[in-house]
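Have a look at the structure below, then the notes.
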Amino acid sequence: MAEGSNNASVEATRGGQLHGKVALVTGAGMGFGSELTCVRGLAITKKFHREGAKIVAVDISPALSDSVAESYPDGSVVAVIGDVSKGETWNQALETAVNRFGKLDVVVNNAGVIYKSTPSHEVEEEEFDRLMRINVKSLFWSCKVIVPYLQKRGEGGNFVNLSSTGASRPRPGVTWYNTTKGAVSIMTKSLGVEYAPNKIRFNAILPALGETGM
173 MAEGSNNASV EATRGGQLHG KVALVTGAGM GFGSELTCVR GLAITKKFHR
223 EGAKIVAVDI SPALSDSVAE SYPDGSVVAV IGDVSKGETW NQALETAVNR
273 FGKLDVVVNN AGVIYKSTPS HEVEEEEFDR LMRINVKSLF WSCKVIVPYL
323 QKRGEGGNFV NLSSTGASRP RPGVTWYNTT KGAVSIMTKS LGVEYAPNKI
373 RFNAILPALG ETGM
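According to the numbering used here, the sequence shown is numbered sequentially starting from 173.
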């Protein structure tokens with residue numbers, strides 16, 4: 173077992189702010205993640221694990237399965253490979269959380285894509301559709317699949333959605349990316365109001381520019 177894996181397992185057994193919680197993290201194989209590789213989803217997973225959470229890590233890359241198995245041999249993190257813009261991925265992730273860990277408490281909508289700075293009128297329709305599918309439609313599916321489960325369970329829950337400073341301070345050349353993150357921000361506010369009576373919280377984080385794999 174790698175030294176890093178031992179350390180991660182030891183940290184998790186000490187408990188923490190998320191002890192006893194089960195989280196679903198999307199984009200777990202790319203983004204701002206680990207301390208060493210600047211991959212956001214991996215860093216979120218590591219931090220949650222250190223705080224005692226059990227985690228369902230979701231990513232479209234098949235390499236995630238081997239990475240999770242190697243880093244978390246105790247089974248406290250499990251991988252689901254799939255496209256977050258598709259309902260079947262969310263259904264599989266929820267089923268995995270419930271079957272492996274007994275429940276789901278937290279969803280981190282971290283998966284996202286961007287494009288190289290380009291004049292807005294030159295961006296192709298395929299690129300625009302990809303942005304909307306991954307950055308926006310994935311949140312639609314997270315709500316459609318997970319919220320009914322949390323309502324039925326009756327113990328509340330938490331959604332953490334990754335927006336961007338581009339939603340509030342738009343950067344030229346990535347207008348359509350800014351647009352998707354603006355959608356993330358307003359969806360988060362609206363859903364938070366709508367499902368507050370169910371004790372389901374929605375919060376957005378707006379990171380600045382960073383070196384990621386997006």
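Idealized CB from N, CA, C, for every residue including glycine. Keep in mind it's a predicted model, so treat the numbers as computed, not measured.
**Message:** For Asn333 and Thr360, which I take to be in contact (beta-carbon distance under 8 Å), what is that distance rounded to the nearest angstrom?
**Reply:** 5 Å
**Asked** Are there 16 or more other CB atoms within 10 angstroms of the CB of Phe204, so buried, or fewer, so exposed?
**Response** Low local confidence applies: a pLDDT of 41 at Phe204 is under 50, so the model's placement there is unreliable, and no value is given.
**Message:** Alpha carbons only, please: which of Tyr349, Gly326 and Lys218 is nearest the one belonging to Gly188?
**Reply:** Lys218
**Request:** Decide if the stretch 321 to 330 is in contact with the stretch 271 to 280; the criterion is three or more beta carbon pairs, one per stretch, under 8 Å apart.
**Result:** With the cut-off at 8 Å, the stretch 321 to 330 and the stretch 271 to 280 touch.
**Request:** Could you tell me whether the Cβ atoms of Ser289 and Val346 are closer together than 7 Å?
**Result:** Less than 7 Å separates the beta-carbon of Ser289 from that of Val346.
**Prompt:** Who are the Cβ neighbours of Ile318 in its own chain at under 8 Å, not counting the five residues just before and after it?
**Reply:** Around Ile318: Leu196, Trp262, Leu266, Leu276, Val279, Gly329 and Phe331.
**Request:** Starting from Gly329, follow its DSSP beta bridges and name the residues at the other end.
**Result:** Ile372
**Selected residue, minimal CA-CA separation from Phe312, among Ala269, Ile358, Asn271 and Pro291** = Ile358
**Item:** Rounded C-alpha distance that separates Ser237 from Gly284
**Value:** 19 Å
**Asked** Mind pulling the beta strand (DSSP E) runs of 3 or more residues that sit fully within the stretch 257 to 323?
**Response** 278 to 281
**Request:** Have a look at Arg212 and Ser335 and give me their C-alpha separation to the nearest angstrom.
**Result:** 13 Å
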